[in-house]
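If you want the working numbering, it's the 1-based position in the sequence shown plus 104. Note that beta-carbon positions come from the ideal geometry of N, C-alpha and C, so glycine has one too. All of these numbers come straight from a predicted model, not from anything done at the bench. To keep things clear, I will list the structure first and then write my remarks on it.
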Amino acid sequence: MTKKLVIDPVTRIEGHGKVTVHLDDDGNVVDARLHVVEFRGFEKFVQGHPFWEAPMLMQRICGICFVSHHLCGAKVLDDMIGAGTAAGVPVTRTAEKIRRLGHYAQMLQSHATAYFYLVVPEMMFGMDAAPEQRNLLGLIEANPELMRRVIILRKWGQEVIKTVFGRRMHGINSVPGGVDKNLSRAECARLLDGEEGLASFDDVMDYAQDGLRLFYDFHDKHRAQVDGFANVPALNMCLVNDDGNVDYYHGA
Numbered sequence: 105m106t107k108k109l110v111i112d113p114v115t116r117i118e119g120h121g122k123v124t125v126h127l128d129d130d131g132n133v134v135d136a137r138l139h140v141v142e143f144r145g146f147e148k149f150v151q152g153h154p155f156w157e158a159p160m161l162m163q164r165i166c167g168i169c170f171v172s173h174h175l176c177g178a179k180v181l182d183d184m185i186g187a188g189t190a191a192g193v194p195v196t197r198t199a200e201k202i203r204r205l206g207h208y209a210q211m212l213q214s215h216a217t218a219y220f221y222l223v224v225p226e227m228m229f230g231m232d233a234a235p236e237q238r239n240l241l242g243l244i245e246a247n248p249e250l251m252r253r254v255i256i257l258r259k260w261g262q263e264v265i266k267t268v269f270g271r272r273m274h275g276i277n278s279v280p281g282g283v284d285k286n287l288s289r290a291e292c293a294r295l296l297d298g299e300e301g302l303a304s305f306d307d308v309m310d311y312a313q314d315g316l317r318l319f320y321d322f323h324d325k326h327r328a329q330v331d332g333f334a335n336v337p338a339l340n341m342c343l344v345n346d347d348g349n350v351d352y353y354h355g356a
């Protein structure tokens with residue numbers, strides 16, 4: 105008779121879930137499943153709303169990667185009015201660049217959250233480290249400067265999102281066919297040069313590259329362990345353009 109281990113809740117994720125692990129009589133794993141236990145219902149409750157509300161409604165599915173959902177709704181509206189890629193009439197270059205800037209800012213703050221808060225504890229302390237140490241508070245105690253930079257990265261990304269979409273969370277700038285606000289020269293200069301309490305773009309790049317070096321060093325030292333992780337096919341096609349290059353905004 106198989107045995108079942110249940111981990112509920114799973115805490116190191118963005119959302120709610122549980123894991124069930126099935127063991128045979130010898131204690132070997134025969135199956136493992138991740139259960140997403142939260143009900144969302146977005147496909148249903150948006151019905152009956154004015155179509156132009158789609159970007160504002162859909163982004164509320166998440167408080168971290170909301171820009172992706174905001175733009176998903178906006179791009180559907182583009183197609184509906186004949187101004188989208190499906191119609192062969194893309195939005196203006198300025199509108200696309202503004203949307204891309206906001207989306208890439210989300211990728212920065214979202215990746216900083218997922219990477220440093222959810223992954224780096226194991227990378228820094230090891231998979232077998234005590235749970236009391238292998239967490240966010242342990243990182244702050246062991247390397248306060250690293251975590252200070254993480255906060256700076258997230259803040260800069262959030263400031264870009266606010267500048268582009270009007271709010272740090274759940275923006276309002278995308279409209280059918282483009283955006284309803286451009287960026288001023290002063291806003292661009294602030295994001296590039298920084299100010300009191302806001303890092304410059306050059307500092308953001310340096311901090312992000314430091315984070316990548318941490319990942320590369322870990323991979324080099326623990327190659328066998330990393331290569332033993334699960335390899336799960338994903339919807340990678342939607343993350344690249346026709347040339348095979350990464351394109352988070354409008355992958356094919």
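Would you call the stretch 280–294 in contact with the stretch 185–195, where contact means no fewer than 3 C-beta pairs closer than 8 angstroms? They touch, by the three-pair rule.
With which residues is His139 paired in a DSSP beta bridge? Taking the sequence shown and counting its residues from 1, the one referred to as residue 139 is at position 35. Looking at the DSSP assignment, His139 forms a beta bridge with Lys122.
Alpha carbon to alpha carbon, what distance is there between Glu236 and Asp314? Against the sequence shown, residue 314 aligns to sequence position 210. Against the sequence shown, residue 236 aligns to sequence position 132. Using only the alpha carbons, I get a separation of about 26 angstroms.
Quick one, are the C-beta atoms of Leu207 and Tyr353 less than 8 angstroms apart? The residue labelled residue 207 in the question sits at position 103 within the sequence shown. The residue labelled residue 353 in the question sits at position 249 within the sequence shown. In the sequence under discussion, the amino acid at residue 207 is His, which differs from the Leu named in the question. Between His207 and Tyr353, the C-beta gap is smaller than 8 angstroms, which places the two residues in contact.
How is the beta strand (DSSP E) around Lys259 delimited, first residue to last? Taking the first residue of the sequence shown as position 1, residue 259 is located at position 155. Looking at the DSSP string, Lys259 is not in any beta strand (DSSP E); the run it does join, the alpha helix (DSSP H), is 248–269.
Can you tell me whether Ala328 is buried or exposed, with buried defined as 16 or more other CB within 10 angstroms of its CB? Numbered from its first residue, the sequence shown carries residue 328 at position 224. By the neighbour-count rule (16 or more Cβ atoms within 10 Å), Ala328 is not buried but exposed.
7 angstroms Cβ shell around Val141 - same chain, five flanking residues per side excluded: The count along the sequence shown starts at 1 and reaches residue 141 at position 37. Correct list, in chain order: His120, Gly121, Lys122.
How would you label Gly261, buried or exposed, when you count the other beta carbons within 10 angstroms and need 16 or more for buried? Within the sequence shown, the letter at position 157 stands for residue 261. The residue is buried, with at least 16 neighbouring Cβ atoms inside 10 Å.
DSSP beta-bridge partners of Val283: Indexing the sequence shown from 1 puts residue 283 at position 179. The partner list for Val283 (beta bridge, DSSP) reads Ser278.
Would you report the Cα separation of Leu222 and Leu287, rounded to the nearest angstrom? Position 118 of the sequence shown, counting from 1, holds the residue named residue 222. Position 183 of the sequence shown, counting from 1, holds the residue named residue 287. Between Leu222 and Leu287, the C-alpha separation is close to 33 angstroms.
Apart from the five residues just before and just after Arg116, which ones in its own chain have a Cβ nearer than 7 angstroms to its Cβ? Stepping through the sequence shown from its first residue, residue 116 is reached at position 12. Excluding residues up to 5 positions away in sequence, Leu222 lie with their Cβ nearer than 7 angstroms to the Cβ of Arg116 in the same chain.
According to DSSP, is Glu157 part of a helix, a strand, or is it coil? Translated into the one-based positions of the sequence shown, residue 157 becomes position 53. Residue state, collapsed to three classes: helix.
Express the C-alpha separation of Phe220 and Asp321 in angstroms, rounding to a whole number. By 1-based counting over the sequence shown, the position of residue 321 is 217. By 1-based counting over the sequence shown, the position of residue 220 is 116. Going from the Cα of Asp321 to the Cα of Phe220 covers about 15 angstroms.
Distance check for Gly192 and Leu243, CA to CA, integer angstroms please. To locate residue 243, count along the sequence shown from 1; it is residue 139. To locate residue 192, count along the sequence shown from 1; it is residue 88. Using only the alpha carbons, I get a separation of about 49 angstroms.
Would the beta-carbon of Arg258 fall within 8 angstroms of that of Thr217? Start at 1 with the first residue of the sequence shown, and residue 258 comes out as number 154. Start at 1 with the first residue of the sequence shown, and residue 217 comes out as number 113. A contact, by the Cβ cut-off of 8 angstroms.
Ile168 and Ser214 - do their beta-carbons sit closer together than 8 angstroms? For the purposes of this step, residue 214 is identified with residue 110 of the sequence shown, where counting begins at 1. For the purposes of this step, residue 168 is identified with residue 64 of the sequence shown, where counting begins at 1. Contact flag set, yes.
Quick one: Cα of Arg238 to Cα of Glu245, how far? Along the sequence shown, read from residue 1 onward, the residue named residue 238 stands at position 134. Along the sequence shown, read from residue 1 onward, the residue named residue 245 stands at position 141. Rounded to the nearest angstrom, the two C-alpha atoms are 11 angstroms apart.
Going by the beta-carbon positions, is the gap between Leu343 and Asp351 smaller than 8 angstroms? The residue given as residue 343 occupies position 239 in the sequence shown. The residue given as residue 351 occupies position 247 in the sequence shown. Less than 8 angstroms separates the beta-carbon of Leu343 from that of Asp351.
Rank Pro337, Val110, Ile111, Leu318 by C-alpha distance to the C-alpha of Pro225 and give the top, closest one. Within the sequence shown, the letter at position 121 stands for residue 225. When each option's Cα is compared against that of Pro225, the closest is Leu318.
Answer with yes or no whether the minimum CB distance from Val125 to chain B is below 8 angstroms. Checking the listed chains, one finds no chain B in this structure; it contains a single protein chain.
Would you mind reading off the limits of the beta strand (DSSP E) that contains Ile111? Here residue 111 refers to the residue found at position 7 when the sequence shown is read from its first residue. If you look at Ile111, you'll find it in the beta strand (DSSP E) that goes 107–111.
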